[in-house]
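Student: First, the structure itself, so that you have it in front of you.
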Amino acid sequence: MSFILNGYRQEPPAEWADEPLLFILREHFGLVGAKFGCGVGICGACTVLVDNVPTRACITTLDDVEGRQVQTIEGLAKGETLHPVQQAWLDHAVPQCGYCQAGQIMTAVALLNDTPAPTDQDIDAAMDGNLCRCGTYPRIRAAILHVAE
Ligand code: FES
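Numbering (UniProt numbering), first residue to last: 1 to 149.
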């Protein structure tokens with residue numbers, strides 16, 4: 001089997017096919033940005049992009065991404081230059097505890113890829129499934145709107 005991970009083709013062993021993508025990313029590829037939160041597809045902490053669609057890596061198997069493009073937060077920056085969404089997150093001091101923020105950022109990246117000038121309603125609809133126990137939602141909205149300007 002094979003898939004593209006952050007722009008690089010990977011050919012993991014077929015025995016890994018039924019493993020959750022989240023565990024493959026974290027344990028076999030060392031990409032620990034995506035976090036294990038609920039483990040059942042509800043919280044969004046594990047969000048990565050699969051063909052630019054925000055995807056819950058905890059309930060996605062490696063087999064599900066056969067032949068597809070997977071992007072994690074580690075694949076956003078270009079060398080030393082942060083992705084504009086990452087930079088906006090810093091500029092707006094979005095994170096508090098930070099645990100959910102990789103998932104928040106990946107969902108925001110997908111939103112802005114699809115909708116470069118989102119309305120408040122677009123942001124609410126896109127970000128609705130990414131939970132933050134610290135309540136950073138106002139800063140998340142501000143950072144997304146900043147990138148959209
Ligand atoms: Fe995957 Fe919560 S850990 S949605």
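For every residue, glycine included, the Cβ atom is placed at its ideal position computed from N, Cα and C.
Could you tell me whether the Cβ atoms of Ala126 and Leu111 are closer together than 8 Å?
Tutor: Position 126 of the sequence shown, counting from 1, holds the residue named residue 126. Position 111 of the sequence shown, counting from 1, holds the residue named residue 111. Yes, Cβ-Cβ distance for Ala126 and Leu111 is below 8 Å.
Student: When burial is assigned at 16 or more other CB atoms within 10 Å of the CB, is Pro138 buried or exposed?
Tutor: One-based indexing of the sequence shown puts residue 138 at position 138. Flag for Pro138 reads exposed.
Student: Name the residue from Val40, Leu25, Cys43 whose alpha carbon lies nearest to the alpha carbon of Val50.
Tutor: Position 50 of the sequence shown, counting from 1, holds the residue named residue 50. Looking at the Cα atoms, Leu25 is the closest of the given residues.
Student: What's the gap between the Cα of Gln121 and the Cα of His83?
Tutor: Within the sequence shown, numbered from 1, the residue matching residue 121 stands at position 121. Within the sequence shown, numbered from 1, the residue matching residue 83 stands at position 83. Using only the alpha carbons, I get a separation of about 24 Å.
Student: Among the candidates Lys78, Ala143, Gly33, Pro54, whose CA atom is the shortest distance from the CA of residue 180?
Tutor: Nothing in the structure corresponds to residue 180, since the chain is present only between 1 and 149.
Student: Measure how close the beta-carbons of Asn130 and Gly44 come, nearest whole angstrom, since I'm counting them as under 8 Å.
Tutor: In the sequence shown, residue 130 corresponds to position 130, counting from 1. In the sequence shown, residue 44 corresponds to position 44, counting from 1. Asn130 to Gly44, Cβ: 4 Å. Contact.
Student: Please state the DSSP three-state secondary structure of residue 159.
Tutor: In this structure the chain extends from 1 to 149, so residue 159 is not present and cannot be described.
Student: Is any heavy atom of the ligand FES found at a distance shorter than 7 Å from the C-beta of Cys46?
Tutor: Here residue 46 corresponds to residue number 46 of the sequence shown, with the count starting at 1. Yes, the beta carbon of Cys46 sits closer than 7 Å to at least one heavy atom of the ligand FES.
Student: In angstroms with no decimal places, state the Cα-to-Cα distance between Val32 and Leu76.
Tutor: Locating residue 32 in the sequence shown gives position 32, counting from the first residue. Locating residue 76 in the sequence shown gives position 76, counting from the first residue. If you take the alpha carbons of Val32 and Leu76, they lie about 14 Å apart.
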